[in-house]
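Participant: Throughout the sequence shown, residue numbering follows this note's numbering, covering 2 to 123 in sequence. Ideal placement from N, C-alpha and C gives every residue a C-beta, glycine not left out. Just dropping this structure here.
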Amino acid sequence: MISNIYPLIAPFHSFISRWRGSIYKLVWLDLTCFLLLYYVLNITYRFGLTEDQKRIFEEIVKYCATYSNLIPLSFVLGFYVTIVMTRWWNQYTSIPWPDPIAVFVSANIHGQVRYHQGQGAD
Numbered sequence: 002m003i004s005n006i007y008p009l010i011a012p013f014h015s016f017i018s019r020w021r022g023s024i025y026k027l028v029w030l031d032l033t034c035f036l037l038l039y040y041v042l043n044i045t046y047r048f049g050l051t052e053d054q055k056r057i058f059e060e061i062v063k064y065c066a067t068y069s070n071l072i073p074l075s076f077v078l079g080f081y082v083t084i085v086m087t088r089w090w091n092q093y094t095s096i097p098w099p100d101p102i103a104v105f106v107s108a109n110i111h112g113q114v115r116y117h118q119g120q121g122a123d
C-alpha cells in the first residue's frame, strides 16, 4: 500500500520543500503537533479506555464544548488582527526615512568643490 502512495507524495513533498514562501513551511510544526495530539487522543479513546472512562471523557468533551462557544471567533480574530496591525505599524514607523538624514547631511557636511574656469557658480 505504501509503495502505491509514495509516488504521489514524493513530488508534492519535493515541491513544497523547494517553495520558499510556502504557507506549509509556516504551519507544519503546529499541524504536526495538532495531528499527533489528535491521533494519540483518538487511539487512547478507542483502544485504551474502559466504558466508564469513555463516559467520563465524553462528559469532559461536552463541558469543553459548552464553554468554547462563549467566546465568539470574531472576537478572538479582532484581537489577533489588532496585534498584527500594531506590530506592522511599529515596524513601519521604526524604518528610518532618508529625507531627514539627507537634509542633515547636506546641511552639515560641506564638500570641496573645485570649479573650472567657465563652469560652476558665477
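Straight-line CA distance for PRO99 to ILE110?
Facilitator: About 16 Å.
Participant: Along the chain, where does the alpha helix (DSSP H) containing ILE96 start, and where does it finish?
Facilitator: Element bounds for ILE96: n/a, residue is neither H nor E.
Participant: Rounded to whole angstroms, what's the CA-CA distance from GLN54 to TRP29? Just pull it up for me.
Facilitator: Looking at the two C-alpha atoms, the distance is approximately 32 Å.
Participant: Which class does PRO12 belong to by DSSP, given the choice of helix, strand or coil?
Facilitator: In this structure, PRO12 counts as helix in the three-state DSSP scheme.
Participant: Does DSSP put SER23 in a helix, a strand or coil?
Facilitator: Correct three-state label for SER23: coil.
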